[in-house]
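Remarks on the structure that follows.
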């Protein structure tokens with residue numbers, strides 16, 4: 658067994674390996690000012706119905722599951738207009754420790770909790786964490802001390818229009834969501850299957866949920882955001898966020914500055930477009946990227962998957 662380990666890194670907490678559970682400070686009503694870290698957490702991970710059903714008060718911890726890890730919300734004040742206290746921070750950290758013990762969690766990443774607008778002193782919070790977890794063996798708390806540039810207006814630009822992104826200008830990279838098995842479901846993906854028949858090449862990339870499979874279509878890239886493992890499953894906001902992060906990293910390396918996207922996940926997966934748009938803004942806030950969003954109506958809606966019969970709008974090919 659190894660002793661408790663407390664480390665600090667200069668890294669964005671959202672890009673920490675997903676083997677780490679995440680912990681953030683929160684209010685009891687789970688509301689936050691737009692642009693703040695707590696707001697980003699709510700947009701990406703927020704399951705407000707589940708959180709509200711936990712009836713959490715200050716000094717406790719709300720818990721969400723994200724596949725094999727947990728998202729911890731340390732409730733340190735009643736609402737955004739109040740200030741957190743050292744007592745409530747300590748109580749919520751003790752609750753965090755108990756949950757980690759009961760569920761075998763050994764790695765958690767968190768920011769410098771309550772040391773921003775709440776005005777608490779980081780040296781005191783750090784000592785508190787060390788004291789509370791001192792007897793926890795094989796446990797690591799990673800502190801992500803990342804301060805993004807202050808940007809009052811996002812550098813990315815949105816243009817919304819009717820139609821579909823299959824016919825977008827050639828200087829725009831094309832984006833759509835897909836499952837890891839690359840099976841096609843009703844919607845815009847059918848037309849991609851028709852125009853880009855290189856499924857074997859995509860499968861060879863062995864990309865799973867939260868990643869992106871990239872193809873080169875003549876002079877532009879096609880980004881296949883993997884938001885679920887199987888076609889019959891439903892994509893999530895978390896998977897979409899991490900797939901967009903992977904897409905952004907590829908764009909930065911290859912000088913891509915224009916995207917053509919449908920309303921990602923807002924068809925079969927039933928994601929909310931306004932929340933998806935917020936996720937796009939979070940991901941591309943520091944990038945001067947032109948994002949063209951296309952709204953379209955599904956071509957065919959059938960009663961059951963067994964009786965489903967679809968046609969590509971581009972070439973009328975049946976699927």
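Residue numbers (the working numbering): 658 to 976.
Quick reminder that beta carbons are idealized off the backbone N, C-alpha and C, glycines included.
Rounded to the nearest angstrom, the Cβ distance from residue 765 to residue 798 is 6 Å, consistent with a contact under 8 Å. Sequence-distant Cβ neighbours of residue 926 in its own chain, meaning closer than 6 Å and more than five residues away, are 891, 892.
Between residue 721 and residue 702 the beta-carbon gap is near 6 Å, inside 8 Å, which marks them as a contact. As far as DSSP is concerned, residue 913 takes part in no beta bridge.
Scanning its chain for C-beta atoms nearer than 8 Å, with the 5 sequence neighbours on each side dropped, one finds around residue 673 the residues 679, 766, 799, 801, in chain order. Residue 711 and residue 719 have their C-alpha atoms roughly 7 Å apart. Distance from the CA of residue 910 to the CA of residue 898, rounded to the nearest whole angstrom, comes to 19 Å. Partner residues in a beta bridge of residue 884, as assigned by DSSP, do not exist. The C-beta of residue 664 has fewer than 16 other C-beta atoms within 10 Å across all chains shown, which makes the residue exposed. Here residue 707 carries a helix assignment [DSSP, helix/strand/coil].
As for any beta strand (DSSP E) of minimum length 3 sitting wholly inside the segment 695-761, the runs are 717-723, 726-734, ordered along the chain. For the pair residue 714 and residue 818, the Cα-to-Cα distance works out to about 44 Å. Contact check for residue 833 against residue 872 fails: the beta carbons are separated by 8 Å or more. Judged by pairs of C-beta atoms under 8 Å, the segment 929-938 touches the segment 689-707, as three or more such pairs exist.
Secondary structure in the segment 761-823: the beta strand (DSSP E) runs of 3 residues or longer, each lying completely within the stretch, are 764-767, 797-801, 814-819 in chain order. As DSSP reads the structure, residue 680 sits in a beta bridge with 729. For the 8 Å CB-CB criterion, residue 815 and residue 939 do not form a contact. Rounded to the nearest angstrom, the gap between the Cα atoms of residue 840 and residue 887 is 8 Å.
Here residue 659 is exposed: its Cβ has fewer than 16 other Cβ atoms, across all protein chains shown, within 10 Å. Within the same chain, 716, 717, 718, 731, 732, 733 come within 7 Å of residue 749 by CB-CB distance, once the 5 residues on both sides are set aside.
Taking a C-beta distance under 8 Å as the contact criterion, residue 877 and residue 830 qualify as a contact pair. Note on residue 931: under 16 other CB atoms within 10 angstroms of its CB, so exposed under the neighbour-count rule.
Bridge pairing for residue 665: 800 [DSSP].
Assigned with DSSP and collapsed to three states, residue 943 falls in coil, not helix or strand. A direct Cα-to-Cα measurement between residue 669 and residue 803 gives close to 5 Å. Counting only the Cα atoms, residue 824 lies some 43 Å from residue 768. Around the beta carbon of residue 666, a 10 Å sphere encloses fewer than 16 other beta carbons of the protein chains shown; the residue is thus reported as exposed. Looking at 811, 920, 866, 874, the one whose alpha-carbon comes closest to that of residue 691 is 811.
Secondary-structure assignment with DSSP links residue 868 through a beta bridge to 883.
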